[in-house]
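In what follows, a single structure is set out as structure tokens and then discussed.
Residue numbers (my numbering): 73 to 216.
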């Protein structure tokens with residue numbers, strides 16, 4: 073049987089629901105959940121500028137004891153322009169959603185405790201996202 077875990081995503085002050093499948097299950101975070109907003113404007117030519125999306129993704133681990141929900145704060149930052157050229161919002165959104173789904177599939181079976189699970193999730197998401205979007209960063213929320 074396929075399982076489904078749902079969580080809440082917050083992009084700045086916008087609230088929306090995001091569902092992600094548990095290891096091989098249906099669903100996934102929709103690219104639209106990642107609302108990128110500029111935080112550092114692009115100046116001049118070449119790589120530069122940054123845009124960011126903030127979400128709270130609830131990972132759920134299903135075990136014999138029930139469902140253990142772990143809310144993870146995820147701040148995704150991508151350059152406006154990297155060495156490959158302009159980073160389109162649609163590309164960034166799709167790549168971030170795919171990386172989040174894949175990271176969840178890798179981390180959830182490890183049976184980690186909450187804080188470690190979130191940190192490992194962000195690390196895996198960063199590795200996966202940096203392939204299609206060089207320069208991307210994934211971390212816990214930081215004050216801007």
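Cβ coordinates follow ideal geometry from the N, Cα and C atoms, glycine included.
>> Per DSSP, what are the beta-bridge partners of residue 125 in this structure?
In response: Reading the chain shown from its first residue, position 53 is the one you call residue 125. Paired residues: 148.
> Rounded to the nearest angstrom, how far is the Cβ of residue 106 from that of residue 165, given a contact under 8 Å?
Replying inline: Residue 106 sits at position 34 when you count from the first residue of the chain shown. Residue 165 sits at position 93 when you count from the first residue of the chain shown. So it is a contact: roughly 4 Å between Cβ atoms.
> Excluding the five sequence neighbours on either side, which residues of its own chain have a C-beta within less than 8 Å of the C-beta of residue 162, listed in chain order?
Replying inline: Walking along the chain shown from the start, residue 162 turns up at place 90. Excluding residues within five positions, the ones whose Cβ falls inside 8 Å are 103.
>> Beta-carbon within less than 6 Å of residue 206's beta-carbon, same chain only, minus the 5 sequence neighbours each way: which residues are those?
In response: Along the chain shown, one-based indexing puts residue 206 at 134. Hits under 6 Å: 154.
>> Taking the beta carbon of residue 194 as the centre, do at least 16 other beta carbons fall within 10 Å, making it buried, or is it exposed?
In response: Here residue 194 refers to the residue found at position 122 when the chain shown is read from its first residue. Looking at its Cβ environment, which holds 16 or more other Cβ atoms inside 10 Å, residue 194 is buried.
> Is the beta carbon of residue 178 less than 8 Å from the beta carbon of residue 196?
Replying inline: One-based indexing of the chain shown puts residue 178 at position 106. One-based indexing of the chain shown puts residue 196 at position 124. Yes, Cβ-Cβ distance for residue 178 and residue 196 is below 8 Å.
> Is it buried or exposed for residue 43, if we count other Cβ within 10 angstroms and need 16 for buried?
Replying inline: Because the chain in this structure spans residues 73 to 216, residue 43 falls outside the shown range and cannot be described.
> Secondary structure at residue 208, three-state DSSP: helix, strand or coil?
Replying inline: Looking up residue 208 in the chain shown gives position 136. Note: residue 208 maps to coil in three-state DSSP.
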